[in-house]
Amino acid sequence: MRVGEISETDLLARIIPRLPRGRTTLVGPGDDAAVLAGSAAPQVVTTDVLVQDRHFRLGWGTGADLGWRAAMQNLADVAAMGAVPNSLVMALVLPGHVPVRWVEDLAEGFAQACAPHHVGVVGGDLTSGEQIAIAVTALGVIDDGEPVLRSGARPGDVIAVSGVLGHARAGLALLEAERAEPADLVGAFLRPTPPLSAGPVAARAGAHALMDISDGLARDAGRIAVASGVLVDLDPAALAADIAALDPVAAQVGADATAWVLGGGEDHGALATFAPAAAGARGSSSAPAVRTPSAHPRGEGAAPSSALPEQFRPIGRVHAVPPGLAPGVRWGGADLPPGTEGWDHFGR
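In the working numbering, each number is its position in the sequence shown, counted from 1, plus 5.
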């Protein structure tokens, strides 16, 4: 068996059980980031890598764009634990023909992404290779409370999102079609702007589960569902405006806006579940009325009123898993539409 013959999830399931757990490990592999016991507060650490022609192409954007993107996708993972990022280290693999100016631009992009959040780039490694690869490790601190994991969602919870959906996927489609407009969508892929403060805000508001949307809403909601042993039901009405906003662009490139919103990743928004009466700043906000799958027990239908943190909006409900079904994601009580599976490194 070769790695290209199984999914990323299956491959990780073969790796993670073999890895040792350290004495300071509070949360190990399997969430957005690890959590380590520190002298004063839990330390959060995560890592990610971008590989040329797999995650980016040199003709798409500048070195600074790539530095920004590499930083932001890691900062978002730290925030998705309810933590505040504070530092990065990066390792670069560079072919000898890469212009020095491009590398300088890459460093500028890291600075542009990190400095406003008071995050330092504190070290790393540099080596030569056949193609460019950028590995980033991000660290942060949970200043107050405990990490918020993927595994805490409970039946009855409201599932809510902070940030945009499908914009980065639309930008990727435009780049693949060699189009530069709309510029804001192209920019959403080249320079995503995740709501980094939303993670700590969600944690303070009592979120039961939390994660970064990097591989698509449906896939990442499915990760919460599996980790928590629940069924997540996304509400089509709550996401109708997201889909409608991208419909004209999708039509231009022969794509499906619903697939972008449900399956497009790399916007790096925050996905969280909250108790129906979660504390927050909206006051009068209410969760969407989600059509409960016919297999669900009576009484788990429309979501009750829920005041969410101001940065979040409700997009569905969490249900207990009925007999005969497995944890997963539903779309208004039905199966997910085709083409919304999201990104799998080895499954596509």
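Just so you know, even glycine gets a beta-carbon here, dropped at the ideal spot from N, CA and C.
Everything numeric in this text was worked out from a predicted model, so none of it was measured.
Exposed or buried, which one is residue i when buried takes at least 16 other CB atoms within 10 Å?
{"i": "Gln48", "result": "buried"}
{"i": "Val258", "result": "exposed"}
{"i": "Ser167", "result": "buried"}
{"i": "Gly337", "result": "buried"}
{"i": "Ser44", "result": "exposed"}
{"i": "Ala294", "result": "Here the model assigns Ala294 a pLDDT of 33, short of 50, so the residue's position is not dependable, and the following value carries that caveat. The residue in question, Ala294, is exposed, as its Cβ has fewer than 16 Cβ neighbours within 10 Å."}
{"i": "Gln136", "result": "exposed"}
{"i": "Ala339", "result": "exposed"}
{"i": "Pro22", "result": "exposed"}
{"i": "Ala189", "result": "Just to set this straight, residue 189 is Asp in the shown sequence, not Ala. Burial call: exposed."}
{"i": "Thr30", "result": "exposed"}
{"i": "Gly227", "result": "buried"}
Could you give the distance in angstroms between the alpha-carbon of residue i and the alpha-carbon of residue j?
{"i": "Leu41", "j": "Val50", "result": "8 Å"}
{"i": "Asp261", "j": "Ser12", "result": "24 Å"}
{"i": "Ala312", "j": "Val163", "result": "10 Å"}
{"i": "Met77", "j": "Leu93", "result": "11 Å"}
{"i": "Pro199", "j": "His324", "result": "28 Å"}
{"i": "Ala264", "j": "Arg224", "result": "12 Å"}
{"i": "Leu131", "j": "Gly101", "result": "12 Å"}
{"i": "Gly270", "j": "Gly87", "result": "20 Å"}
{"i": "Arg335", "j": "Val54", "result": "31 Å"}
{"i": "Ile229", "j": "Ala112", "result": "34 Å"}
{"i": "His123", "j": "Asn91", "result": "7 Å"}
{"i": "Phe279", "j": "Ile320", "result": "12 Å"}
{"i": "Ala193", "j": "Gly329", "result": "40 Å"}
{"i": "Leu80", "j": "Met95", "result": "13 Å"}
{"i": "Asp70", "j": "Pro327", "result": "46 Å"}
{"i": "His273", "j": "Gly221", "result": "9 Å"}
{"i": "Thr67", "j": "Trp107", "result": "8 Å"}
{"i": "Thr52", "j": "Gly268", "result": "23 Å"}
{"i": "Asp58", "j": "Ala242", "result": "37 Å"}
{"i": "Ala182", "j": "Gly211", "result": "43 Å"}
{"i": "Leu170", "j": "Leu244", "result": "9 Å"}
{"i": "Leu201", "j": "Pro121", "result": "11 Å"}
Which whole-angstrom value describes the C-beta separation of residue i and residue j, a residue pair presumed to lie in contact below a C-beta threshold of 8 Å?
{"i": "Asp98", "j": "Gly134", "result": "The displayed chain sequence assigns Val, not Asp, to residue 98. Rounded, the Cβ-Cβ distance is 4 Å, consistent with contact."}
{"i": "Ala255", "j": "Ala203", "result": "Contact flag wrong, Cβ pair sits at about 26 Å."}
{"i": "Gly72", "j": "Phe115", "result": "4 Å"}
{"i": "Pro314", "j": "Ala207", "result": "6 Å"}
{"i": "Pro233", "j": "Arg155", "result": "Per the sequence shown, the amino acid found at residue 233 is Ser instead of Pro. Going by Cβ atoms, the distance from Ser233 to Arg155 rounds to 7 Å, so yes, they are a contact pair."}
{"i": "Val32", "j": "Pro152", "result": "6 Å"}
Spell out the partners DSSP gives residue i in its beta bridges.
{"i": "Leu276", "result": "Val166, Met216"}
{"i": "Ala226", "result": "According to DSSP, which records beta bridges pairwise, Ala226 is partnered with nothing at all."}
{"i": "Pro319", "result": "Ala165"}
{"i": "Gly344", "result": "None, per the DSSP bridge assignment."}
{"i": "Leu236", "result": "His324, Gly333"}
{"i": "Ala339", "result": "Trp336"}
Just checking residue i against the ligand SAH - is the residue's beta carbon closer than 6 Å to any of the ligand's heavy atoms?
{"i": "Arg7", "result": "Questions concerning the ligand SAH fall outside what the structure shown contains, since it holds no ligand whatsoever."}
> Which ranges does the alpha helix (DSSP H) cover as unbroken runs of at least 4 residues, wholly within the segment 21 to 87, from first to last along the chain?
Replying inline: 68 to 84
> What are the uninterrupted segments assigned as beta strand (DSSP E) that are 3 or more residues long and contained completely in the segment 89 to 174, given in chain order?
Replying inline: Here the runs fully enclosed are 89 to 99, 125 to 133, 138 to 146, 163 to 167.
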